[in-house]
Structures are given as C-alpha cells and as structure tokens.
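So the protein sequences, as listed, match chains Y and U.
So in the working numbering, the last one in the first sequence is 503, and the numbering has no gaps at all.
So in the working numbering, the last one in the second sequence is 305, and the numbering has no gaps at all.
Cβ atoms here follow ideal geometry from the backbone N, Cα and C, with glycine treated the same way.
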Amino acid sequence: MSQTDLIQLGASLAAVLFIAWLVRTIGLGADPRIQDAEHAIRLAEEAETGFRGIEVARDRAGFAAIVRNAEGRMMLVRAHGNHFAARPVDEKVVGRLDKDFLTLTMPERTFGAVTLQLGKDAGVWASRMRDLNCG
Amino acid sequence: MDKLPDPVTYAVPAFILLLIVEMVISLRADKSRYDARDTLTSLLLGTGSQVAGALVGAAVVGLAVWLYQFRLFDIGIAFKQWWWAWILCFFLDDLAYYAFHRSAHRVRWFWASHVIHHSSQHYNLSTALRQTWTGFFSLGFIFRMPLFLIGFPPAMVFFCGGLNLIYQFWIHTEAIKKMPRWFEAVMNTPSHHRVHHGVNPRYLDANYAGVFIIWDRLFDSFVPEQNTDPVRYGIVKQLGSFNILWAAVHEWVGIAKDVWYAPWRHKLSYMWREPGWSHDGSRQTSAMIKERWAATRPSEEPAE
C-alpha cells in the first residue's frame, strides 16, 4: 500500500468513527420488541416462506419468541439491531431450563445464545426441545 | 497507460455530507432507519473493501493493460475528440455491470463475494458503502474485460466504473420515494434499488441495474416496488450478527463446508449453482421461495 493509500485509510477510519458516534449521539435507532403472538408468527413466517406458526412462547420483555408450526417444527425469532432475525430450532440447538428461563444456544456461534423468560411455559418448551433430540 | 484520477476519492466528502443529511431526515421521519452498530459495521466493511482494493488494484490494472494489447480497435482517451467513445464506454460498462451483478446473485461463487453488500437489514446511505472484500478472489472483474479487448483504454474504463459506483451511492435510501416518471423509466432509482435489496419473495432476484434500469426491462428482471408490500431488507437467512469478519466471509465458509461434506459428484454444484441450491433439496433457492409464496397467496392478488 502506498503512502496515499495509508492517508486515505486513516481519513476513512476517522470518518467512520465520527459517523457512528453521530448516529448514537443524535438518538437514531429503535428498541424493537415482539408485541404479541401474532407479531411473532408474522416474523417467523417472513423468515421462512411457507412456515405457518400456530403456537408462540414469547419472552416477557418481547426480545425473542419461539414459534411452532402444526408439524412441530420450531423457529426462534430474536431482536437484532432495529430488526429481527430468526433460526430454526432443531436437534443441533442446545436448550437449558432454569426455572422460568429457557436458554437456547444456537450451533452458529455468531448468532449466539438467547434467553427467554417464559414463566411456567418454560418447562413445556424445554420438553419440546428434548423431544427434538430424542426424535 | 494513460492516468486519470479515481473519481470515487473526490466523491467521498459528498458521501459523508449526504450521509449526515439523510441521518437528519431520518431523525424527523423514522429513527429506526439507522442503528449505530449497523452503521459502524457498514462503514468498517467499506473501509475493509478500500484496503482490499488497494492491495489487489495493481493486479487488476495489470491484467487490463495486458488484455488491452490484443484490442480490436484503437480508441483514444482525449474527451474532445473521443467524446462518443466515453459515452459508449460508460454505457457498455453499465451493461457489463448488469451481467456481473446478475451473476453475483445467480452463481453462488460470485454471491459469496457480493453478499456482504446485502447483509444489512437497513437500507440507508451507509449500506451503499458495505462493499466486497473478496471481489478479486471471486474473479468478479472478468465481466469488464471485454471492454479492454474492444479497445477502450483501461483508464477510461476504470474512470467510467468509478462514475458508475458514485451514481449507485445515492440510490441506497428510503428518504426518496419516487423520482419523476421519465427518470424511473430509464434510470436506476431508490425505488428500483430498494426492490433489489428486498427479501420479500416478490422482490427476490430483481433489478440488477447499476445506472440504467433499461437492462432489467430488456432482460426481463425488472420488478416495480409495490406500496402494498413494503420492502424488508437483507438476505434470506439474516445474519443476526454485527461481526464484520463474519459478514465478509460467511458465505465462503458455507461453500467450503458444503463442498467438504457433499458427495463427489455434487461438490462443484455447491460453487456454481444458485445460492440456496442443495443436492438433497433440503434448502430453498429463490425460485423455490417464489414458487412457495405464489402457491400460498390469495388467488385474487394479481401477479406481476
């Protein structure tokens, strides 16, 4: 890389940091939540064309939800930035139950683990996840 | 080789200024158009692309100059005398861009390099700067090579390519709804390009144009934006991560894994077939998604 390239790179990095700082400082952004079961189903159906959700376990704060279809397939939807991202919940997903909380650890490391506060339903959905591993 | 300045370098201050203007508009219209982490990711990916370009730029120029010696015609670079060649070069370069861009969505090898540009779920001017790191590795530059063989001087072609890139910056916005009808008919616009970034089944694999939307109209890949179907942006399997390295290489990792585990006779198909193709039909291509969507939507809804 030439000296000009390095100067341009330095200027680019300075501009990048300034703009990212500006976005945060002036208050741009949103706090997306899954409003209700209907919203969770819509998000799951948008994530996978043909998926038809019939039952939902929604995190109390609305950060994430698990949506199940009539065949028993499940989809995890969680907030990502101002939007949402989803992944199928299959036998590769590790579920851990802790009282009212169910933590799903996805095999895709960059997607990360998601903890849902589901109240008394947490056990039911943990059991469904165990069934996936047994089946 | 004749030397011309890189127009993109001169456009950078305007890019920054327009970004700030769009941010102010978003502050009033819809704050969710920007997210600080997404913007930082987009801009860092743009910086990474700049580094990658600086590292391999000389090789691409060298190849262009080498090919140019086999040219069919001698075309000069002086604008006063060769103004028509400049216009023709810009036009043909845009056609080459269309061919590249269509391939970048239909062939997984090229998609692996291009997906970075589509990996944001936002659509704002910072998204425009989310550019490839692996364009050289994917051989995406071959689409421009015929221009050198025709006889357009490499400096002229690269300058036109720079102008094309600059044009494409301003269309990455939700701040502009529609341009005048005549403009929408001929030119690529924010509305047309929003469709291109859409993951709604209706919008998949459409509007590959760089500057002139006429290529999509001509080659049957044009889809208009519908008010009844607001565009959802990103990729079919959203990344769900702001990790810049993962955004840059995730599809290459996917190809490597698929090729490794696939039966021998299917290995190459995981590179050259369309994104989403699988030998056992366990995944969905965009054509399959569209088919599924068409089968489930109400029959009274008109098809485009």
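Y/A388 versus chain U: which residues are under 7 Å apart at the beta carbon? A37, T40, L41 and L44
Just the chain U side, please: which residues come within less than 7 Å of Y/S380 by C-beta, in chain order? T48 and Q51
Assuming Y/A425 contacts Y/A412 under a Cβ cut-off of 8 Å, what Cβ separation, rounded to an integer in Å, is found between them? In fact, because the Cβ distance is near 12 Å, the residues do not count as touching under 8 Å.
Cβ neighbour criterion (16 or more within 10 Å) applied to U/A59: exposed
Taking U/Q70 as the query, report the chain Y residues whose CB atoms sit under 7 Å from its CB, ordered along the chain. Going along chain Y, no residue has its Cβ under 7 Å from U/Q70, so there is no contact; the nearest lies around 26 Å.
For the alpha helix (DSSP H) holding U/P155, just list the boundary residues, first then last. P155 to W171
Look at U/H102 and U/H198 and say whether their C-beta atoms are less than 9 Å apart. no
Less than 8 Å between C-beta atoms, sequence neighbours within five positions excluded: which residues of the same chain meet that for Y/F469? T483, L484, Q485, L486 and A490
If you drop the 5 nearest sequence neighbours on each side, which residues of the same chain put their C-beta closer than 7 Å to that of U/L130? S43, L44 and G47
Quick check on DSSP: helix, strand or coil for U/F142? helix
In chain Y, what lies closer than 9 Å to U/K4 by C-beta? Ordered by position in chain Y, no residue passes the 9 Å Cβ test against U/K4, which lies about 13 Å from the chain.
Nearest to Y/R436 by alpha carbon, out of Y/R401, Y/R410 and Y/F386? Y/R410
I'd like the list of long-range same chain contacts for U/L126, defined as Cβ closer than 8 Å, with 5 residues on each side in sequence excluded. F16, L19, L20, E23, F170, W171, H173 and T174
Please report the distance separating the alpha-carbon of Y/A531 from that of U/P8. The question about residue 531 of chain Y has no answer, for chain Y in this structure spans 369 to 503.
Complete alpha helix (DSSP H) runs within the stretch 19-83 of chain U (minimum length 4 residues, chain order): 37-69
Could you tell me whether the Cβ of Y/N437 comes closer than 9 Å to any Cβ of chain U? no
Spell out a yes or no on whether the stretch 102-115 of chain U and the stretch 242-254 of chain U are touching, meaning 3 or more CB-CB pairs, one atom from each, closer than 8 Å. yes
Closest Cα partner of U/E292 within the set Y/F479, Y/G449 and Y/E416: Y/E416
Sequence-distant residues of its chain with Cβ nearer than 7 Å to U/G163 (five each side left out): D7, P8 and V9
Using only alpha-carbon positions, find the residue among U/A12, U/H123 and U/L28 that is nearest to U/R1. Since the first residue shown for chain U is 2 and the last is 305, residue 1 of chain U is missing from the structure and cannot be characterised.
Residues within the stretch 53-82 of chain U neighbouring chain Y, beta-carbon criterion of under 8 Å: A55 and L56
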